[in-house]
Structures are given as C-alpha cells and as structure tokens.
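Visitor:
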Amino acid sequence: MLNRRILRIKAMQAIYAYVQAEGSDYLLALDRIADTFAPDLMAIEPQDRNLLEGKKQIATLLFKEWYETKKFDTEEKDKEILNAAQDAVNFYQNTLKKDLKFFGNQMLSAAEEIYDRYLLTLLVMQEVTHLIEGEEKKAATRFTERTDTDMRGLLKNKALAKLLDNKFLEQRVIRRNVSWAGNLDVITQIYRNGIKKDEQVLAYLELVEPTYEQDHELLKHLYKEIIFKSEPLQALFEEQDLNWVENKSVVKSLVNKSIKMLEEGTDEHLALLDLSASWDDDKAFFEELYHETLRDDAKYEAMISESVQNWDVERVALMDKIILKMALCEMHIFRSIPVKVTINEYIEISKVYSTPKSKQFVNGVLDKLSQQLTASGDIRKSGRGLLDNK
C-alpha cells in the first residue's frame, strides 16, 4: 500500500514541475510583449523601430514590476503599452492556474496508476492461462504428435485458481478499467521466453498431484522470479511511468504480499490490497499539502530567508527550498502529525532527492524554525500530533 512518504514525494515532484512551469510561463509572457511590438515586416508604411523598441522596454518593465509586487503602480498613459503589459499579466495568471490544476491532477493520477500496475501485474497469469488454453485448442486439431511442452498442469494450480477467482481483484480491475488489451505481446514474451523455459516450472509440471503448498510456492516463483523480472514488462512500465524506477518497488511489494495472502483456507472473497488503508484521507492529505504549500509560498520563502541570514536564500538548492516549504506547510496545517515525524520524513526525502549536504541543511533549518514557531504558537498540535513533540 502507498504510505505517506510516497505521497509526500508525489506532491514534491508535482510542486517541482509547477515551479519549472512557472519560470517558463514568465518567459512566455515576456515573449507576448515582444511580439506585440515586433516590427510588421508586411507593413506598407515604414515603422519607427526605435519607438517600438522603447514601448517594448517600458511594457516589459511594467510587467516585471507587477511580477515583483503583484500590482500596477505607474503613471504611464500610453494605452498600447498598458494593454501589452496587462495582456502579459493576464496570460501569466491564466496559464499558472492551468498549470496548478494540471500538475495537481497529474500528481493524483501518478499515485493511482501505481495501483493500476499492481492490478495489471496480477492479471498477467490470467492472460497466460488464456494462451495455454489457446495452445490446447490448436493441439486438439493436430494429426501429428505434439513436440512442445504440455503446460496444462499450470491450469490445475490451486493457488492460481484462487487468484483468478478472487472477487476483490475482479471488482478493482473493473473499477480502474485496466486490462492487457493492446499489450498482449508482452504477455506472449513472458510466457514463451520465461515461463515455458523455466526449470522450476518444468519440474513442477512433472508432479503428478502437487500439494497446495507446492502450487503456492510455484505461483510465488512465477511472479517474483519470472514475471516481475521480465524485460518486456519492465520496458512497458518504464514507457508508461516516468517514475517507474522508484515506483516499481512499491508495485513489487504489493504483488508479493498479495500472492502470499492466498493461503489454502482462503476463498474468493479474500480482500487483497487497496491503494492505501484509507485512500480518501490520504488523497486529501497530499492534495492539501500540494495546494497549501504553493498558496503560501511567499510566507515560507520569507521564513527560510530569515532562518538562513548568513546564506543567500537564492543560493539554496531549489529542491531543498521545496522540501523546506512542504515541511513548514505540513507543520502548520496538519495538527495530528507530530513535528518530529514531519522533520524526519523530509530529512529522509532530502537524502534521496537533493544534494549530498541537504540532510544536514534541512535538519538544521527545520529544527530551528520548528522550535521558534512552536514557542510563538504558530504551530499547534492536537491528538496524536502532541506525541514526541518536545
């Protein structure tokens, strides 16, 4: 299941993408001003290029002043200049709103798609059984003796039957609308190049009446050693998921735990694993973390700047600033999360996603600010959030 650290990472990645887009939007807004005052090469009458350049410079200056102060304070009377600057502002604001929504939705989809790949991986053996059944139909119509391996023993695997008959899996697959349609070539490669040539599978097929334990062990082996290690499957998931390198450990853990749950005494109503223990709560957590961190960006920027007075805040690594802002936001708005838990979580994230020295920097800044904000009453905890909050 997805834990809160994974959700924090997804929110961090979305915020990072938004910040990058914000810089691009700023430059595009300036380009709009430049385009407005670009000489018209098709004009019949000659144009005063110096005048156009002067207007462009003034409009650019007005936009940059607005960008810093978020207000127009000018005595400029030229409507063309004012309109160009206002157009750039409108474009910048509207594009930012779209980006905020886009990366927020993308963040949510990225988390939910981890679960989709978990479901797809479990469905691999369902498609494999279809291939085996298809082979048997073809074999039944032959008049010559078959020379390929008889794979029908897998169809009698009792642990596999429990997986394929599982109602929980069936419901989640329908709800998420996932299938291998369009990518069945990957299943074929797993079957022909992996399963049919695997020594442990071939040895299993020699058993006359395998026990449930033997069935179960083979199913674990199929997923752990063949399916999940399949290069075509990994290549497909990498193509679909830019963060597959970090997400695959989550999917692998979900799959292995689910297969392990298929004990002999379980039936088709066995509840496998959900995306999280309480997806509605977790979804609300990282959506709020994303939106509130960006909404109060200026406030957290000022806190960080004041805390690192002997260090130019502009020289702080972008990822470090995002991590610090998220941590400060979490301390402020999530009263049930202890401060120490928040600090430790973001220190761990900084170890993987930022610079080698980030751990000490993030720890030092958050420790200092958390003490100041707690003492001033700006950070207030309740319930579980009071634990270890000394």
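Residue 30 in the numbering used here sits at position 50 of the sequence shown; the count goes up by one each step and never skips. Cβ coordinates follow ideal geometry from the N, Cα and C atoms, glycine included. For clarity, every value in this text was computed on a predicted model and none was experimentally measured.
(1) Can you give the beta carbon distance from GLY84 to HIS201, rounded, assuming they're within the 8 Å contact cut?
(2) How long is the line joining the alpha carbons of LYS50 and ALA278, rounded to whole angstroms?
(3) DSSP three-state label for THR168, please.
(4) Considering only their Cβ atoms, is the gap separating ASP96 from ARG156 smaller than 7 Å?
(5) For the stretch 95 to 115 against the stretch 197 to 217, do three or more pairs of beta-carbon atoms, one drawn from each stretch, fall closer than 8 Å, so that the two count as touching?
(6) Give the DSSP-derived three-state secondary structure of ILE359 in the structure shown.
(7) Return the chain-ordered ranges of every beta strand (DSSP E) run that is complete within the stretch 209 to 239 and spans a minimum of 3 residues.
(8) Hey, would you say THR40 sits closer than 7 Å to ILE61, going by beta carbons?
(9) Anyone know if the C-beta pair for ILE302 and MET87 falls short of 7 Å?
(10) Name the two residues that bound the continuous alpha helix (DSSP H) containing VAL104.
(11) Can you give me the Cβ contacts of CYS309 inside the same chain, cut-off strictly under 7 Å, excluding the 5 residues immediately before and after it?
(12) Is it a yes or a no for the stretch 138 to 148 touching the stretch 236 to 254, going by three-plus beta-carbon pairs under 8 Å?
(13) Could you name each continuous beta strand (DSSP E) segment of 3 residues or more that falls completely within the stretch -6 to 30, going from the start of the chain to the end?
(14) Is ILE317 helix, strand or coil by DSSP?
(15) In three-state terms, what does DSSP make of LYS370?
(16) Where does LYS370 land, buried or exposed, given buried means 16+ other C-beta within 10 angstroms?
(17) Grab me the residues of ILE323's own chain with a C-beta within less than 6 Å of its C-beta, minus the 5 sequence neighbours each way, in chain order.
(18) Hey, how far is the Cα of GLN450 from the Cα of GLN0?
(19) Going by beta-carbon coordinates alone, are MET311 and VAL319 separated by less than 7 Å?
(20) Are the Cβ atoms of SER356 and ASP300 separated by less than 7 Å?
(21) Do you know how far the Cα of SER210 is from the Cα of VAL181?
(22) Mapping DSSP to helix, strand and coil, what is TRP160?
(23) Out of GLN169, GLN340, LYS36 and LYS331, point me to the one whose CA is closest to ALA18's CA.
(24) Could you say which of MET105, VAL166 and ALA91 lies nearest to ASP262 if we only look at CA atoms?
(25) Checking 7 Å against the spacing of the C-beta atoms, do ALA68 and ALA9 come in under that value?
(26) Out of GLN169, GLU93, GLN73 and GLY114, which one is the CA nearest neighbour of LEU222?
(27) GLU2 to LEU(-13), Cα distance in whole Å?
(28) Which two residues bound the contiguous alpha helix (DSSP H) that contains PHE266?
(29) If we count the other Cβ atoms within 10 Å of its Cβ and call it buried at 16 or more, is TYR203 buried or exposed?
(30) Work out the CA separation of PHE265 and TYR171 for me, nearest whole Å.
Guide: Reading off the structure:
(1) The sequence position of residue 84 within the sequence shown is 104, counting from 1. The sequence position of residue 201 within the sequence shown is 221, counting from 1. So it is not a contact: roughly 41 Å between Cβ atoms.
(2) Along the sequence shown, read from residue 1 onward, the residue named residue 50 stands at position 70. Along the sequence shown, read from residue 1 onward, the residue named residue 278 stands at position 298. Those two C-alpha atoms are separated by around 12 Å.
(3) On the sequence shown, residue 168 is found 188 positions in, with the first residue counted as 1. In the structure shown, THR168 sits in a helix (DSSP, three-state: H, G or I).
(4) Residue 156 sits at position 176 when you count from the first residue of the sequence shown. Residue 96 sits at position 116 when you count from the first residue of the sequence shown. Their beta carbons are under 7 Å apart, which means ARG156 touches ASP96 by this criterion.
(5) yes
(6) In the sequence shown, residue 359 corresponds to position 379, counting from 1. DSSP places ILE359 in coil when its eight states are reduced to three.
(7) none
(8) Stepping through the sequence shown from its first residue, residue 40 is reached at position 60. Stepping through the sequence shown from its first residue, residue 61 is reached at position 81. Not in contact: THR40 and ILE61 (Cβ atoms no closer than 7 Å).
(9) Counting from 1 along the sequence shown, the entry for residue 302 is found at position 322. Counting from 1 along the sequence shown, the entry for residue 87 is found at position 107. Result no, Cβ atoms of ILE302 and MET87 do not sit closer than 7 Å.
(10) Taking the first residue of the sequence shown as position 1, residue 104 is located at position 124. Looking at the DSSP string, the run of the alpha helix (DSSP H) that includes VAL104 is 59 to 120.
(11) On the sequence shown, residue 309 is found 329 positions in, with the first residue counted as 1. Hits under 7 Å: LEU269, GLU272, THR273, ASP276 and TYR280.
(12) yes
(13) none
(14) Taking the first residue of the sequence shown as position 1, residue 317 is located at position 337. Looking at ILE317 - three-state DSSP - the assignment turns out to be coil, as it is neither helix nor strand.
(15) Taking the sequence shown and counting its residues from 1, one reaches residue 370 at position 390. Interpretation of LYS370 is limited by its pLDDT of 49, a score under 50 that renders its predicted location unreliable; the figure taken from the coordinates is listed afterwards. Reduced to three states, the DSSP call for LYS370 is coil.
(16) Taking the first residue of the sequence shown as 1, we reach residue 370 at position 390. With a pLDDT of only 49 at LYS370, under the threshold of 50, the placement of this residue in the model should not be trusted; the figure read from the coordinates follows. Exposed.
(17) Counting from 1 along the sequence shown, the entry for residue 323 is found at position 343. Closer than 6 Å at Cβ, skipping near neighbours: LEU346.
(18) Residue 450 falls outside the range modelled here, since the chain spans only -19 to 370, and no answer is possible.
(19) Position 331 of the sequence shown holds residue 311. Position 339 of the sequence shown holds residue 319. Yes, they are a contact pair.
(20) As a first step, residue 356 must be located in the sequence shown, where it is residue number 376. As a first step, residue 300 must be located in the sequence shown, where it is residue number 320. Their beta carbons are not under 7 Å apart, which means SER356 does not touch ASP300 by this criterion.
(21) Within the sequence shown, the letter at position 201 stands for residue 181. Within the sequence shown, the letter at position 230 stands for residue 210. Taking the straight line joining both Cα atoms gives about 15 Å.
(22) Here residue 160 refers to the residue found at position 180 when the sequence shown is read from its first residue. If DSSP states are grouped into helix, strand and coil, TRP160 belongs with coil.
(23) As a working note, residue 18 is residue 38 in the sequence shown. For the residues GLN169, GLN340, LYS36 and LYS331, the minimum Cα distance to ALA18 belongs to LYS36.
(24) The residue given as residue 262 occupies position 282 in the sequence shown. ASP262 has its Cα closest to that of ALA91, out of MET105, VAL166 and ALA91.
(25) Residue mapping note: residue 68 aligns to position 88 of the sequence shown, counting from 1. Residue mapping note: residue 9 aligns to position 29 of the sequence shown, counting from 1. Closer than 7 Å, so yes.
(26) On the sequence shown, residue 222 is found 242 positions in, with the first residue counted as 1. It is GLU93.
(27) Residue mapping note: residue 2 aligns to position 22 of the sequence shown, counting from 1. Residue mapping note: residue -13 aligns to position 7 of the sequence shown, counting from 1. Answer to the nearest angstrom: the Cα atoms are 22 Å apart.
(28) Start at 1 with the first residue of the sequence shown, and residue 266 comes out as number 286. It spans 259 to 275 - the alpha helix (DSSP H) in which PHE266 sits, taken as one unbroken run.
(29) Mapped onto the sequence shown, residue 203 falls at position 223. When all chains shown are included, TYR203 counts as buried.
(30) The residue given as residue 171 occupies position 191 in the sequence shown. The residue given as residue 265 occupies position 285 in the sequence shown. Approximately 41 Å, taken between the alpha carbons.
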